[in-house]
Structures are given as C-alpha cells and as structure tokens.
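In our numbering, the protein residues as written are 1215 to 1400.
Working notes, beginning with the structure itself.
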C-alpha cells in the first residue's frame, strides 16, 4: 500500500492560513487509487505530485468538515474528466448530500456511483477495503488495528482509557507512525 500525505492541516486557523496543506491522503493499493478527505487545496497538492486525477477510482469523505471536503467538487470534476467520463465512485456521509450539502447537486451524476456511508458497513474499491463508524454525528473511517501500510508506515489505535482525551468530542484516533525514514516526495 502506498499512502501519500497531500496535507494534514486540521484546525480552522491552520486551514485558513494554509500553515500546512490540507489536501488529505492519496492511497494506492493494487489496482485501487483513492483520495481520502480532499480538503482545501487538494487539487494543487495532487498536481504538485503529478497524480493524474482522471485515474482516481474513488473519493472518500469521512465527514463534512471543511478541512475534509473543501475540494470534493473539483475532485469529482477531475475524476470524471469534467463530467464527460461517467466513472469512479464518491463515498460520503448522508449529510454531505442533504440539507446543507457539500457535494453540489449538478455533479452527483458524474461518478458511476454516489455511496452514502453507513455506520459499521464495509466498503471495497478494487480490492481496497474500509469501514465506516459513527461516533456522534459524523461518519468516520476506521483502520482496523494494528495496520501496517507497507514497510514504512504503521497505524496504531490507542486504547481509550490509556490515551489522553479532551472530552467526548475528541476521542482517541488512529495515529500514523513512521517505521523508517522515507525519501522526499518530488
């Protein structure tokens, strides 16, 4: 599995000032190419790394916060070649499509499928599997513990009682841990 960090900025101030990029993650596994949480500036980060967005198989939005979905519409446009190629899948929580949607209505027919993520449901994109969980109001992706992403990166989930927490709104999350240094990206 190849995971490329397109940006990990989270807090509103970090995103607004772009103190760190907020482009989410790009995941390649076997035949699957997936964009996870394309926040503001994702398209720029993908272009810098020469990732061809028309080759994406799926875009996954874990929840509708701006830092996780700010570029979802332009990413759908890119994945579908401006809507001229009906391809790819968009996975997102139901509230990203309802009421105050973050996914624009006019482009929802561009992908082959728009999937409303449901809690405790497993999804697969060309052999790459993921599951959605629902802590409170958001649907979040879960990587089953412990996970090893190739030989350079591991993902840990600390036990709830052992990990520091700032309250119910911020329960412990999986943490990426470098296993050995990786070469710089182009």
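Just so you know, even glycine gets a beta-carbon here, dropped at the ideal spot from N, CA and C.
May I ask you to check if the CB of residue i is nearer than 8 Å to at least one heavy atom of the ligand PLP?
i, result
"residue 1254", "Absence of the ligand PLP is noted for the structure shown, with no ligands found whatsoever."
Quick check: the Cα distance between residue i and residue j, rounded to an integer number of angstroms?
i, j, result
"residue 1343", "residue 1236", "24 Å"
"residue 1226", "residue 1327", "31 Å"
"residue 1335", "residue 1307", "12 Å"
"residue 1239", "residue 1221", "7 Å"
"residue 1271", "residue 1232", "27 Å"
"residue 1318", "residue 1299", "18 Å"
"residue 1261", "residue 1339", "23 Å"
"residue 1281", "residue 1301", "25 Å"
Apart from the five residues just before and just after residue i, which ones in its own chain have a Cβ nearer than 7 Å to its Cβ?
i, result
"residue 1289", "1249, 1252, 1256, 1257, 1267 and 1273"
"residue 1309", "1278"
"residue 1219", "1239"
"residue 1322", "1328"
Ignore the nearest five residues each way along the sequence and tell me which others in residue i's own chain have a CB closer than 6 Å to its CB.
i, result
"residue 1292", "1267"
"residue 1324", "1290, 1294 and 1297"
"residue 1283", "1275 and 1316"
"residue 1269", "1247"
Please go through the same chain and pick out, in chain order, the residues whose beta-carbon is closer than 8 Å to the beta-carbon of residue i, but skip the five residues on each side of it.
i, result
"residue 1337", "1305, 1329, 1331, 1343, 1344, 1345 and 1346"
"residue 1341", "1243, 1244, 1245 and 1246"
"residue 1234", "1221, 1222, 1223 and 1228"
"residue 1285", "1237, 1252, 1253, 1254, 1255, 1256 and 1257"
What residues are listed by DSSP as bridge partners for residue i?
i, result
"residue 1246", "1243"
"residue 1337", "1344"
"residue 1236", "1221"
"residue 1305", "1274 and 1329"
"residue 1216", "1242"
So residue i packs on residue j, CB below 8 Å; how close in whole Å?
i, j, result
"residue 1217", "residue 1223", "About 17 Å; that fails the 8 Å criterion."
Pairs of beta-carbons, one from the region 1311-1321 and one from the region 1239-1257, closer than 8 Å: are there three or more? no
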